[in-house]
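Asker: There's a structure below that I have some questions on.
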Amino acid sequence: MIKRAIYPGTFDPVTLGHLDIVRRGLELFPELIIGIAENPKKRPLFTLEERKKMFEESLKEVGLSGKVEVKTFNSLLVEFAKKEGAVAILRGIRIVSDMDHEFTMASLNRKLYPEIETIFLMPSEEYAYLSSSAVREIAFYGGDVSQFVTDFVKKRLEEKFKKGQSR
Ligand code: ADP
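Per my numbering, the very first residue in the sequence shown carries number 5; after that it's consecutive.
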């Protein structure tokens, strides 16, 4: 049986840090599913479909599309993982403060579904301080996000904030 992992997140939008984790995940698992969580509580800037499209196009742009499938979900993560037959959940840890929240989530997920393991991966140092929220903030003020996201995402951010200004 091929071992499959899930990399879940809001990905609002996907950054080069997320793609770095995908690259590392593929070293461990032959198949990876990106699970984009609808996450209405976070009031995402991009719709679920926009976030999916951005992830797919970004994977192509960095040459990672082959073994990765991008899916969306609006259920409990463990339910989604079960449905997809995943044996592991991948999460990225950037800085120590991420641990607090991630550890709680992983412990709860283990209680709900003991068969699944959460695996924490560390990105390359250059992405250790990168977050989707920082990217949104920089783009909102018209800053250059080229070193943080793919060209496709950069264009989508520019469009989003241009539209916002004309409202
Ligand atoms: P969530 O709302 O689930 O935290 P995010 O899209 O913010 O969704 O993040 C998804 C996962 O990717 C989380 O495990 C997060 O810690 C990780 N992550 C976010 N940014 C980076 C980054 N720059 N480098 C590595 N991992 C990251």
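Think of the CB as a built atom: it goes at the ideal place given N, C-alpha and C, for glycine as much as any other residue.
None of these values were measured; they are calculated from a predicted model.
Pop quiz: residue 59 and residue 38 are said to be a contact at Cβ under 8 angstroms. What is the actual Cβ separation, rounded to whole angstroms?
Answerer: With 8 angstroms as the limit, residue 59 and residue 38 qualify as a contact, their Cβ atoms being about 6 angstroms apart.
Asker: For a test of your reading of the model: does the CB of residue 120 fall under 7 angstroms from any non-hydrogen atom of ligand 1? Yes or no.
Answerer: Residue 120 Cβ: outside cutoff for every heavy atom of ligand 1.
Asker: Ligand 1 heavy atoms versus the CB of residue 39: any closer than 7 angstroms?
Answerer: no
Asker: Measure the beta-carbon distance from residue 125 to residue 29 and round it to whole angstroms, keeping in mind my assumption that it falls under 8 angstroms.
Answerer: 7 angstroms
Asker: Residue 43 to residue 79, Cα distance in whole Å?
Answerer: 9 angstroms
Asker: Output needed for residue 74: all residues of its chain with C-beta closer than 6 angstroms, excluding positions within five of it in sequence on either side, in chain order.
Answerer: 38, 56, 59, 60
Asker: For residue 6, count neighbouring C-beta atoms within 10 Å of its own C-beta (all shown protein chains included) and say buried if the count is 16 or more, exposed if not.
Answerer: exposed
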